[in-house]
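Note sheet for the following structure.
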Amino acid sequence: MDDSTTSYNDVHSHIGVYNVTSNMNDSHGTHVYYDENYDESYDGYYEYVYDDHLYEIFNFELPIYGYIWPVLVLFTTCCNFIVIGGFLRKRMRNATNLILVFIALSDSLTGLVTLPATFHIFTNKNFALTKDWCNVAMITRLYISRAFHTISVWETLLLAFHRFLQIRHPNLGKKVCTMPKTLFVILVIYLASFGLHIFHAFDIKAEEGFCQWSIREPCGWACVYMWLTLLLSHILPSLAIVGLAVILITTLNTFKRESFVTNRSGRRKQTQRNVTIVVILIVVIFLVPELPYGIFYLITVSLNHSGKRIFPLRTNRLIHCIYELFLIVSFHLNFWVYCIMIRSFRSCIKSLLRLVTCRPANFERLEGEVTSSSGGGLELAGMTTETDSNQN
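Using the numbering used here, read the sequence shown as starting at 8 and increasing by one per residue.
Right, here's the structure in full:
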């Protein structure tokens, strides 16, 4: 262990010594005491009973997870509350916006569920964890947070697939892209994601005085889990989203070549183009952190499965740290896409600011902007009501 990590000496300043109950052949030296009720006539093995477990931390993780990460998560969550409130308004409810709402929800929960353990470990610099805190830290980060992120990945794929149907197969899109069917698919996504990551709900993390996920030889179910998550959470969704993004961009170029007229048909085509731009931007923002990390994860799993030396722990932690920072920033960028591209969403924010500053807000005017025929080419009118979205 190099000097950039926590060590047992560092932990001594916080907790003194590790308390364990063991047999007489214990090799942990001064980090143990022997059970006063130890029976020398007993020939069996006495398992270690650790009061505290060391969670290894690198120096660069303290400022990032201790301060930067909580601020970014809380700020992104506040913005996503505005997204959820804006798209759940009566005149903005449709299948497409419903997906955007659930993406904002899962994005927020991906970071929020990690905050209790983050504050306890990184902000307070508690490197020695009780068994309960170790389980909280590992389960929230490796199970619950990963499950919510996988949900975001699959919801982004669902969003791109919805838009593909609506512009390439509009008749089929009218039948498939409905509110009830979208809700059902999202429910299946939640159940499947938590089922995919359930391995971490039962795998032991606090043992032998350390709080960590150790892959044993042979890795068995751990390798099965890693390959499944690699394929289902990273590789296959990313490839599918890239393919759908290419199709959507090609369609967008088709819209550009068409001449728009000042009638209902022309405004509908302009609306289709604007909605497609929003979906493309969300998809591209999603791919920026996911594609590089997917490649890194593929290399790591392949090396581990073949029994070769994998990256050092410091390198793994550094890459994962950078990935999570880019991830939370990408979650936040969705908010600005909505602000720039959706006029009624901007109006919603303005009305909210009027309420915060105790100024009267004209909600009738706000709702009227969504379906107003004037300036329809600048508004995502197709993202307002279920009827309008079916016309797309």
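Even glycine gets a Cβ: it sits at the ideal position worked out from N, Cα and C.
Predicted, not measured: the structure shown is a model, and the values here were computed from it.
Glu162 in three-state terms, based on DSSP
helix
Original post:
Cα-Cα, which of Ser337, Asp114, Phe88 and Gly227 is closest to His312?
Top reply: Gly227
Mind pulling the alpha helix (DSSP H) runs of 4 or more residues that sit fully within the region 91-178? 102-119, 122-125, 138-146 and 152-175
Query raised in the report: What does Leu61 pair with, by DSSP beta-bridge criteria?
Result: Ala135 and Phe217
So, with DSSP's three-state summary, where would you put Thr185? coil
Original post:
In whole angstroms, what separates the C-alpha of His207 from that of Ala199?
Top reply: 15 Å
**Message:** Could you compute how far the alpha carbon of Val183 sits from the alpha carbon of Phe109?
**Reply:** 18 Å
Task: Neighbourhood of Pro299 by C-beta, 8 Å cutoff - its chain only, sequence neighbours within 5 removed - done: Tyr330
Exercise for review: Using three-state DSSP, classify Cys86 as helix, strand or coil.
Suggested key: helix
N-terminal and C-terminal residue of the alpha helix (DSSP H) that Asn66 is part of | Element bounds for Asn66: n/a, residue is neither H nor E.
Q. Measuring CB to CB, does Ser351 end up less than 8 Å from Glu297?
A. no
Which ranges does the alpha helix (DSSP H) cover as unbroken runs of at least 4 residues, wholly within the region 281-323, from first to last along the chain?
none
- Between Gly93, Asn66 and Lys138, which lies nearest to Leu359 when the distance is taken from Cα to Cα? Gly93
(message) Quick check on the burial criterion: 16 or more other C-beta atoms within 10 angstroms. Buried or exposed for Phe293?
(response) buried
Taking the alpha helix (DSSP H) that His241 belongs to, which residues open and close that run? Looking at the DSSP string, His241 is not in any alpha helix (DSSP H), and its letter there is neither H nor E.
Evaluate Lys212 with the Cβ neighbour count: other Cβ atoms within 10 Å of its Cβ, from every protein chain shown; 16 or more gives buried, anything less gives exposed. buried
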